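Okay, so the sequence shown: first residue is 1 according to the working numbering, each after it adds one. Beta carbons: idealized from backbone N, C-alpha and C, even for Gly. Note that this is a predicted model, so its numbers are computed, not measured.
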Amino acid sequence: METNDINNDKVKVYELGYLLVSSIAEEKVTGEVETIKSALEKYQASIISEDFPKLQPLAYQMLKVIGSNRSKYDNGYFGWIKFEVASGSVPLLKTDLDKNASILRFMIISTVRENTMVTQKLVFKPVGEADKEKTDEGPLAPVSEEELDKTIENLVVE
1 METNDINNDK VKVYELGYLL VSSIAEEKVT GEVETIKSAL EKYQASIISE
51 DFPKLQPLAY QMLKVIGSNR SKYDNGYFGW IKFEVASGSV PLLKTDLDKN
101 ASILRFMIIS TVRENTMVTQ KLVFKPVGEA DKEKTDEGPL APVSEEELDK
151 TIENLVVE
């Protein structure tokens, strides 16, 4: 591993997942992303990859308190940035991001450099194949109580 000259901490790969408040105008989202990137650059982080934030509905309503105002959000701009930085800089970066009023919520996780995005594989089943599987069994014959008891005893013994 490389070391950072400033604090001799090991350089690790992290991913920052963030949710920006939906009250930001769409044309100003780029500026907010640049603010986040400048916070990363402040600690000599090198950006590996990123996904530009997209407006998405939230699974539940979230609250954000800014000063004395309490705002509720049902949507948010979700984006992520994968970066490499000295591990000692992460708590300082977290403190800077906590102060950003445009970030509804964020999470910094340790990860790997490789691409970790999983693509969903589609499985195609011919039409009617599911119906064949059900009808191939045919009607079941009635089972007497003696046969049922005998089968249960054999299963219990094993």
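1) I'd like the span of the beta strand (DSSP E) that includes residue 140, first residue to last.
2) Helix or strand or just coil, what does DSSP make of residue 150?
3) Could you give the DSSP three-state label for residue 26: helix, strand or coil?
4) Could you tell me the distance, in whole angstroms, from the CA atom of residue 78 to the CA atom of residue 143?
5) On the DSSP bridge assignment, give the partners of residue 11 in chain order.
6) In angstroms with no decimal places, state the Cα-to-Cα distance between residue 2 and residue 66.
7) Can you name, in chain order, every residue of its own chain whose Cβ lies under 8 Å from the Cβ of residue 115, other than the five neighbours on each side?
8) Apply the 10 Å Cβ neighbour rule to residue 53 and answer buried if 16 or more other Cβ atoms are within range, or exposed otherwise.
9) Helix, strand or coil: which one does DSSP assign to residue 70?
10) How is residue 6 classed by DSSP in three states: helix, strand or coil?
11) Apply the 10 Å Cβ neighbour rule to residue 85 and answer buried if 16 or more other Cβ atoms are within range, or exposed otherwise.
In this structure, then:
1) Premise fails: residue 140 is in no beta strand (DSSP E) and is neither H nor E.
2) Helix at residue 150.
3) When secondary structure is reduced to three states using DSSP, residue 26 falls in the helix class.
4) Distance between the alpha carbons of residue 78 and residue 143: 58 Å.
5) Under DSSP, the beta-bridge partners assigned to residue 11 are 86.
6) Any reading at residue 2 needs caution, since the residue's pLDDT is 44, under 50, leaving its predicted position unreliable; the model's value is listed next. In a straight line, the C-alpha of residue 2 is about 39 Å away from that of residue 66.
7) The answer, listed in chain order, is 49.
8) Buried: at least 16 other Cβ atoms inside 10 Å.
9) Here DSSP, grouped into helix, strand and coil, assigns residue 70 to strand.
10) Caution is warranted here: a pLDDT of 48 is assigned to residue 6, below 50, making its placement in the model unreliable, and no coordinate value can be reported.
11) Residue environment analysis places residue 85 among the buried positions, since at least 16 neighbouring C-beta atoms fall within 10 angstroms of its C-beta.
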